[in-house]
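Engineer: My questions all concern the structure below.
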Amino acid sequence: MDFDAVSTEAARNGLTEARLGGIQDPSSHVELLGEHTNMKKALVTIAFGLTASLFATAASAQATLNSVKQKGFLTCGSNTGLAGFGQPDAQGNWTGLDVDLCRAIAAAIFDDPTKVRYIPLAAKDRFTALQSGEVDVLSRNSTATMSRDTQLGLDFPAINYFDGQGFMVRKKLGVSSAKELNGASICTQQGTTTELNLADYFRANNMKYEVVAFATSDETFKAYDAGRCDAFTTDASGLYAERLRASAPDDHIVLPEIISKEPLGPAVRHGDNQWGDIVRWTHMAMLNAEELGVTKANVDQMKTSDNPEIKRLLGTEGKFGETVGLTNDWAVRVIKHVGNYGESFEKNVGEGSRLKIKRGQNALWTKGGLQYGIPVR
Amino acid sequence: MNSVQTAVSQTSPPKKSFLYDPKVRGIFYQVVLVAAVIFLFYVAATNAIENLQRARIASGFGFLNNTAGFDISQTLIQFSAAGSTYGDAFIVGLLNTLIVSAIGIFFTTFLGFLVGIARLSKNWMVAKVAMVYVEVLRNVPLLVQLLFWYIAVLGALPQPRNSLEMGAGFYLNSRGLFMAKPLWAPNIGVLVTVLVLGLVGSFFYRRWARIQQEQTGRQSPVIKVTLTLVFVLPILTWIVLALFGANPISFEMPRKGTFNLTGGMQILPEFVALLLGLVTYTAAFIAEVVRAGILAVSKGQTEAAGSLGLPPGKILRLVVIPQAMRVIIPPLTSQYLNLTKNSSLAVAIGYPDLVQVFMGTVLNQTGQAIEVVVITMGVYLTISLLTSAFMNVYNRRVAIVER
């Protein structure tokens, strides 16, 4: 609505009030009828306005990239606080492996990794938030599964951490294997694959257990730490991260069994393929950069490299960036601001962090891991 | 607006064109408004369906028949991850909400009346303690109180291996309260029959005693007879049966297991914390309702009863409270509804109520937010309306009969 329309509307409303307050002449039926016509018009306008806005929401769900560019920032669904993956530090800056992916996407679009607004989401709220458009991308250690892909209207464009579910117990219980947990109380977070795997595992091994489910990871771990449960279960990475928050971290051990496959990755809404491509290729750029030896420090020198693979990745040859709606130097932006996958991993969860998680399955395929960058070609 | 209407009605000629009849026009605009609202809802619904389909999000209520695949800590019906459906999970959640609400309403009424009457006590100490209770409890948010009960009070309980043994098969630890579980033998029917006979007998005795008193003024030992019929008689029967080697009830005692006590009955700490929080919080409000109701009964009533020679306890029970109930019932109903709705705060402390199980786990595992939220809202609306209807019937019975 432009200014003129607003002012006419206001003027008309003002007139209406004046008439309503002022009319003393009872013979002016025509005037009154005119009054009602005005009201009816207003009602119809409201009805159409609401209808239009409902339909408009439907249409705008298509082009996430445009809406992100228009807003000037990316809204990123993040964890409410998981060390190494997504957590605000003392200054309120978000850090972590999942956060780095959001920063990388923002860098690819805006050449500025800080143009991200983080929305902390509990596990049980995360998919609704993504479906309803509250967040543009969900980067929150979420497991990719078939039902989430096909029934929730989501797509998982990439897997940025291969994980599996494990258990943590107190050392003094004297338990050394998950198979000894028959009869235990187990704390878990609601609305997760963890909750389902737990039921499967105990059923498959013919063991009994008592589940105590909480809405957020914070409440879950607090209850375990307070002694409500014998064991705490989540993805192995989460176990190491949460253990740091325990009142006495050394009193707890992680059991050796990994009972499930948890491919964790970012999720986007189904149907906006361009947006899915951007998220996928941001992750792939970080993987390819690691494989080709392009780092945060040397990315500018690498632009002059003769290696055709590096040239294509960094946009000095071909127009790959433009095909997904970005600039051709998108990968340079990502690497310059965030670094390659290996750098992000080491800084957030690897040797450079308090978690000290080994690369393991998350090493590059060339080093025996599962992380495999699809070629830029 | 008013001035226009009065002006019109005063000077309009009695018969004019149909179109100018303010009543007809009023109805017309009402109909238009209702139609517009219905249209709006229709558009929103069809649009939502269209959006869901475009985004490939599953819709419909078919998911209720799918296997749930997760477990729940407190289930009043048989529930297992393998065989039960999301529909069963819904029923488990609903029953958990109903049981905590029903037990909560019972205890909070009792506590609320006690505190409300205590606030009016002539004993300075009792009145002040009741006042402090009300002011503290109703001015701290319920969520904070629940977390207090759950984390501060129950968190301080010992670990299972150092369970507090309280005798008679009762144990207390951080996993809850454990007690002996009664196992019924086939001849339990005898005991039940005796109990039912005792209840029926005491009912008739009370009726007879009342008529007797109305006619002759003679009082009968109603309480003693009732207690004998309802408690002493069944217990005697039980003892006799046990002596003849046909004990109708045996108890399964909790035993120490690897991690925790096994067997027996277990009351979860989540349930206890939620119940304590709801009961103490709502009782503070009910106390004020009761106090207001009692103060609304004119002082003359008390004085009149006193001059008839009734002792203070009987004045309260027979004269003041029955009249106060007329003022108490409507706001009391609101408090019952509040307690029921507040039970959804269970989600913060892991008690598997309807919101926790259905709007938490089920919603997330199926992703069908609209259906799940609509069902949940419908359930709370139904529970509240039923409670209101019941209380309205009761209110009509105690309301003043106007002649």
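Chains as they are written, first to last, in the working numbering: chain A, 163 to 539; chain B, 67 to 469.
Quick reminder that beta carbons are idealized off the backbone N, C-alpha and C, glycines included.
Out of A/Leu316, A/Leu360, A/Leu488, state which residue places its alpha-carbon closest to the alpha-carbon of glycine 427 of chain A.
Structural biologist: It is A/Leu316 whose Cα lies nearest to the Cα of glycine 427 of chain A.
Engineer: Output the distance between the C-alpha atoms of proline 397 of chain B and asparagine 368 of chain A, rounded to the nearest integer angstrom.
Structural biologist: The straight-line gap from Cα to Cα measures roughly 52 Å.
Engineer: If you follow the alpha helix (DSSP H) that phenylalanine 65 of chain B is part of, which residue opens it and which one closes it?
Structural biologist: Lying before the first or after the last residue shown, residue 65 of chain B is absent from chain B, which here runs from 67 to 469.
Engineer: How about serine 240 of chain B: is its C-beta nearer than 9 Å to some C-beta of chain A?
Structural biologist: Interface residue, yes.
Engineer: Classify cysteine 391 of chain A as helix, strand or coil using the three-state DSSP reduction.
Structural biologist: If DSSP states are grouped into helix, strand and coil, cysteine 391 of chain A belongs with coil.
Engineer: Check whether chain B comes within 9 Å of lysine 384 of chain A, counting only Cβ atoms and requiring the distance to be less than that.
Structural biologist: So, interface residue.
Engineer: Between serine 400 of chain B and glutamate 201 of chain B, what straight-line distance do the alpha-carbon atoms span, to the nearest angstrom?
Structural biologist: Each residue's Cα considered, the two are about 19 Å apart.
Engineer: Please classify alanine 73 of chain B: does DSSP put it in a helix, a strand, or coil?
Structural biologist: Note that alanine 73 of chain B scores 49 on pLDDT, short of 50, meaning its location in the model is unreliable; the coordinates nonetheless yield the value given after this. If DSSP states are grouped into helix, strand and coil, alanine 73 of chain B belongs with the helices.
Engineer: Could you list the residues in the segment 270-295 of chain A with a C-beta less than 9 Å from some C-beta on chain B, going in chain order?
Structural biologist: Per Cβ criterion, the list reads Ala285, Lys286, Asp287, Arg288, Phe289, Thr290, Gln293, Ser294.
Engineer: Looking at chain B, which residues of the segment 385-415 of chain A have a Cβ within less than 8 Å of any of its Cβ atoms?
Structural biologist: Result list: Ala385, Ala388, Gly389, Arg390, Asp392.
Engineer: Beta-carbon within less than 7 Å of alanine 465 of chain B's beta-carbon, same chain only, minus the 5 sequence neighbours each way: which residues are those?
Structural biologist: Closer than 7 Å at Cβ, skipping near neighbours: Arg392.
Engineer: Go ahead and pull the three-state DSSP assignment for arginine 284 of chain B.
Structural biologist: Coil at arginine 284 of chain B, not helix or strand.
Engineer: Spatial neighbours of glutamate 357 of chain A within its chain, please: CB distance less than 8 Å, with the 5 preceding and 5 following residues excluded, ordered by chain position.
Structural biologist: So the list reads Thr350, Gln351, Val373, Ala375, once near-sequence residues are dropped.
Engineer: Residues in the segment 346-362 of chain A with C-beta within 7 Å of chain B's C-beta atoms, listed in sequence order?
Structural biologist: Cβ contacts with chain B come from Ala346, Ser347, Gln352, Gly353, Glu357, Leu358, Ala361.
Engineer: Mind listing the chain B neighbours of phenylalanine 376 of chain A? Cutoff is C-beta to C-beta under 7 Å, in chain order.
Structural biologist: Chain B residues near phenylalanine 376 of chain A: Gly416.
Engineer: Determine, using beta carbons only, whether aspartate 87 of chain B comes closer than 9 Å to chain A.
Structural biologist: No - not a single Cβ of chain A is within 9 Å of the one on aspartate 87 of chain B.
Engineer: What separation, rounded to the nearest whole angstrom, lies between the Cα atoms of alanine 343 of chain B and leucine 212 of chain B?
Structural biologist: Per the sequence presented here, residue 343 of chain B reads as glycine, with alanine not at that position. Straight-line Cα distance between these residues: approximately 5 Å.
Engineer: Where do the N-terminal and C-terminal ends of the alpha helix (DSSP H) with aspartate 566 of chain A fall, by residue?
Structural biologist: Coverage of chain A is limited to positions 163 through 539, which leaves residue 566 of chain A absent and any answer about it impossible.
Engineer: Going along chain B in order, which residues have a C-beta closer than 7 Å to the C-beta of leucine 314 of chain A?
Structural biologist: By Cβ distance, chain B contributes Ile123, Gly433.
Engineer: According to the neighbour-count rule (16 or more other Cβ atoms, all chains shown, within 10 Å of its Cβ), is aspartate 262 of chain A buried or exposed?
Structural biologist: Buried, since its Cβ has 16 or more Cβ neighbours within 10 Å.
Engineer: To which residues does DSSP link alanine 346 of chain A through a beta bridge?
Structural biologist: Paired residues: A/Tyr371.
Engineer: Alpha carbon to alpha carbon, how far is isoleucine 394 of chain B from glutamine 253 of chain A?
Structural biologist: For isoleucine 394 of chain B and glutamine 253 of chain A, the distance between alpha carbons rounds to 53 Å.
Engineer: With 16 as the cutoff for other CB atoms within 10 Å, does asparagine 205 of chain B come out buried or exposed?
Structural biologist: Exposed, because fewer than 16 other Cβ atoms sit within 10 Å of the Cβ of asparagine 205 of chain B.
Engineer: Do alanine 308 of chain B and proline 415 of chain B have their beta-carbon atoms positioned less than 9 Å apart in this structure?
Structural biologist: It is isoleucine, not proline, that sits at residue 415 of chain B in the sequence shown. Not closer than 9 Å, so no.
Engineer: Hey, how far is the Cα of glutamine 96 of chain B from the Cα of phenylalanine 107 of chain B?
Structural biologist: The straight-line gap from Cα to Cα measures roughly 17 Å.
Engineer: Given this structure, state the Cα-to-Cα distance separating serine 364 of chain B from phenylalanine 94 of chain B, to the nearest angstrom.
Structural biologist: Answer to the nearest angstrom: the Cα atoms are 50 Å apart.
Engineer: So which residues on chain A does threonine 442 of chain B lean against when the C-beta distance must stay under 8 Å?
Structural biologist: Result: empty, since nearest Cβ-Cβ is about 14 Å, beyond 8 Å.
Engineer: DSSP three-state label for arginine 521 of chain A, please.
Structural biologist: DSSP places arginine 521 of chain A in coil when its eight states are reduced to three.
Engineer: Counting only Cβ pairs nearer than 7 Å, list the residues of chain A close to alanine 147 of chain B.
Structural biologist: Neighbours of alanine 147 of chain B on chain A, chain order: Ala361, Arg365.
Engineer: Beta carbons nearer than 7 Å to chain B: which residues of the segment 430-450 of chain A have them?
Structural biologist: Within the segment 430-450 of chain A, the residues whose Cβ lies closer than 7 Å to some Cβ of chain B are Arg431, His432, Gly433, listed in chain order.
Engineer: Straight-line CA distance for threonine 321 of chain A to phenylalanine 289 of chain A?
Structural biologist: The sequence shown places isoleucine at residue 321 of chain A, not threonine. Looking at the two C-alpha atoms, the distance is approximately 17 Å.
Engineer: Where in the segment 294-324 of chain B do unbroken runs of the beta strand (DSSP E), each at least 3 residues long, occur, reported from the N-terminal end onward?
Structural biologist: Listed in chain order, they are 315-318.
Engineer: Pull up the distance between the alpha-carbon of alanine 220 of chain A and that of leucine 451 of chain B, whole angstroms please.
Structural biologist: Because the pLDDT at alanine 220 of chain A is just 42, under 50, the model does not fix this residue reliably, and the value given afterwards should be weighed accordingly. Roughly 36 Å separates the two Cα atoms.
Engineer: Below 8 Å on C-beta distance, what does leucine 429 of chain B contact in chain E?
Structural biologist: Absence of chain E from the displayed structure is noted, the protein chains being A and B.
Engineer: Identify whether valine 159 of chain A lies in helix, strand or coil by the three-state DSSP scheme.
Structural biologist: Outside the modelled stretch of chain A, which goes from 163 to 539, sits residue 159 of chain A, for which no answer is possible.
Engineer: In chain B, which residues lie less than 8 Å from glutamate 479 of chain A when you measure between Cβ atoms?
Structural biologist: The premise fails here: glutamate 479 of chain A is roughly 37 Å from chain B at the closest Cβ pair, so nothing lies under 8 Å.
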